[in-house]
Structures are given as structure tokens and as C-alpha cells.
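Structure, as C-alpha cells:
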Amino acid sequence: MPYAVKQRIPLPTHPNRLEVSEEGRTPFLTVKTPRDKDHPDYREGALDSRPRIDLERLGNHEK
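FYI, my numbering numbers position 52 of the sequence shown as 196, with every residue one higher than the one before it.
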């Protein structure tokens, strides 16, 4: 089965890893923050994040 891009999601700088919840319906990303002070998105004290992608909200939810 060929894969196809269904929708693009704007992400913060440095998306790193994609994981799926145990039930297989909710993807999570790991997003690294820039560590180089010269990087345009650098913020002092910023932490890495783990955003959840709401597929239902995107309209890609299978019923």
C-alpha cells in the first residue's frame, strides 16, 4: 500500500521523534529546543516539549 501525505502540520524547530500511544490512536512528537544561542528560535531556559497530535481535530480520524 503506497503512503501519501494527507495533511501537513506546522511544528516548532527540531521535531525529533514520533511515538504512538498504546491504543494506537494518538501520535506524540518529541521536539528539541535549540541549544545554540545564535539560533533564531533560541530561548533562555526553554525546555524540550512533547506535543500530542489530535487526529480527530485534523479530520483524519477513522471511525
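No residue lacks a Cβ here, since even glycine has one placed at the ideal position from N, Cα and C. None of the values given here were measured: they were computed from a predicted structure.
According to DSSP, residue pairing for Leu-173 in a beta bridge involves Leu-162. Distances from the alpha-carbon of Leu-162 to those of Arg-201, Phe-172, Leu-155, Ile-153 put Phe-172 closest.
Taking the Cα of Asp-192 as reference, the smallest distance to any Cα among Arg-201, Val-164, Val-175 is reached at Val-175. According to the DSSP secondary-structure assignment, Arg-196 is paired through a beta bridge with Phe-172.
Of all alpha-carbon atoms in Gln-151, His-158, Arg-152, Ser-165, the one lying nearest the alpha-carbon of Arg-196 is that of Ser-165.
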